[in-house]
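A.B. asks:
In my numbering, the protein residues as written are 4 to 163.
Below is the structure:
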C-alpha cells in the first residue's frame with residue numbers, strides 16, 4: 004500500500020534540504036547524474052552553475068530531467084548508526100537561463116549573499132526545474148522505524 008502524502012508536506016521537506024541529484028541525458032542518449040545545490044522558489048528548483056558545465060550543456064540539449072532529494076536520517080543519541088536516507092524523487096522539465104537574467108531574489112538565495120561578485124556572473128547560468136506529475140517518496144512523513152517496511156515507507160504526492 005502506497006502512503007498518500009500531501010504536496011505541502013513534500014514541498015516542506017524539499018525546502019529544508021539544499022542538496023539533490025539531478026539525472027539528465029547526454030547528446031548520445033547516455034544517462035548521467037550529478038550532485039547539485041539548489042534553492043526552491045515558487046515550487047520550482049533553481050541551480051547555479053557555469054555556462055560551460057556538462058550539466059548546462061546536456062540540459063540545453065534535452066530539458067527532461069529527474070531529481071532525487073536525499074534526506075538524512077539519524078538517531079540523535081546514536082549518530083554512529085548508519086540509516087539509509089529518505090528520498091523524494093520526481094521528473095521535471097529544466098531550462099537554462101543566463102544568471103544576469105534571473106531575479107535578484109533568486110540570485111541572492113543561490114549565491115548566499117555573494118552576488119556582489121557580478122564579474123563572475125557572466126560565466127554563470129541558472130537551471131530552473133519545474134516538477135511534473137507526482138513526487139515519489141520513501142521514508143517521508145513516517146517514523147524512522149516504519150522505513151524498515153517498504154510497503155509502509157513508499158509514498159506519493161501530487162506536485163501541485
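From the three backbone atoms N, C-alpha and C, an ideal C-beta is built for every residue, glycine too.
Predicted model only: the values in this text are computed from it and were never measured.
1) If we count the other Cβ atoms within 10 Å of its Cβ and call it buried at 16 or more, is residue 84 buried or exposed?
2) Less than 8 Å between the CB atoms is what I'm expecting for residue 6 and residue 157, so what's the real figure, rounded?
3) Any chance you could list the beta strand (DSSP E) runs of at least 3 consecutive residues sitting entirely within the region 80-109, in chain order?
4) Count the other C-beta atoms from every protein chain shown that fall within 10 angstroms of the C-beta of residue 8, then say buried if there are 16 or more, exposed otherwise.
5) Is residue 90 near residue 73, with beta carbons less than 7 Å apart?
6) Would DSSP call residue 127 helix, strand or coil?
7) Report buried or exposed for residue 79, applying the criterion of at least 16 other Cβ atoms within 10 angstroms of its Cβ.
8) Can you tell me whether residue 114 is helix, strand or coil according to DSSP?
9) Given residue 68, which residues of its chain have a CB within under 8 Å of its CB, disregarding the five upstream and five downstream residues?
10) Out of curiosity, what's the CA-to-CA distance linking residue 101 and residue 86?
11) In chain order, what residues of the same chain have a beta carbon less than 7 Å from the beta carbon of residue 16, not counting five sequence neighbours either side?
12) For the alpha helix (DSSP H) that residue 61 lies in, which residues bound it at each end?
13) Mind checking whether residue 40 and residue 21 have CB atoms under 7 Å apart?
14) Which two residues bound the contiguous beta strand (DSSP E) that contains residue 69?
15) Which residue marks the beginning of the alpha helix (DSSP H) containing residue 156, and which one marks its end?
16) Short check: CB of residue 19 to CB of residue 37, under 7 Å?
C.D. replies: Walking through what the data contain:
1) Taking every protein chain shown into account, the CB of residue 84 has fewer than 16 other CB atoms within 10 angstroms, so this residue is exposed.
2) The pair is a contact, with the Cβ atoms about 6 Å apart (cut-off 8 Å).
3) Secondary structure in the region 80-109: the beta strand (DSSP E) runs of 3 residues or longer, each lying completely within the stretch, are 89-101 in chain order.
4) Its Cβ being crowded by 16 or more others within 10 Å, residue 8 is buried.
5) Using a Cβ distance threshold of 7 Å, residue 90 and residue 73 count as a contacting pair.
6) Shown here, residue 127 sits in a strand according to DSSP, grouped into three states.
7) Exposed: under 16 other Cβ atoms inside 10 Å.
8) Looking at residue 114 - three-state DSSP - the assignment turns out to be helix.
9) Scanning its chain for C-beta atoms nearer than 8 Å, with the 5 sequence neighbours on each side dropped, one finds around residue 68 the residues 25, 26, 27, 62, 94, 95, 96, 97 and 132, in chain order.
10) Taking C-alpha positions only, residue 101 is separated from residue 86 by approximately 39 Å.
11) Spatial neighbours of residue 16 in its own chain (CB-CB distance under 7 Å, excluding positions within 5 residues in sequence) are listed in chain order as 74, 91 and 143.
12) Residues 57-64.
13) Cβ distance < 7 Å, so residue 40 and residue 21 count as in contact.
14) For residue 69, the enclosing beta strand (DSSP E) has its first and last residue at 67-74.
15) Element bounds for residue 156: 153-156.
16) No.
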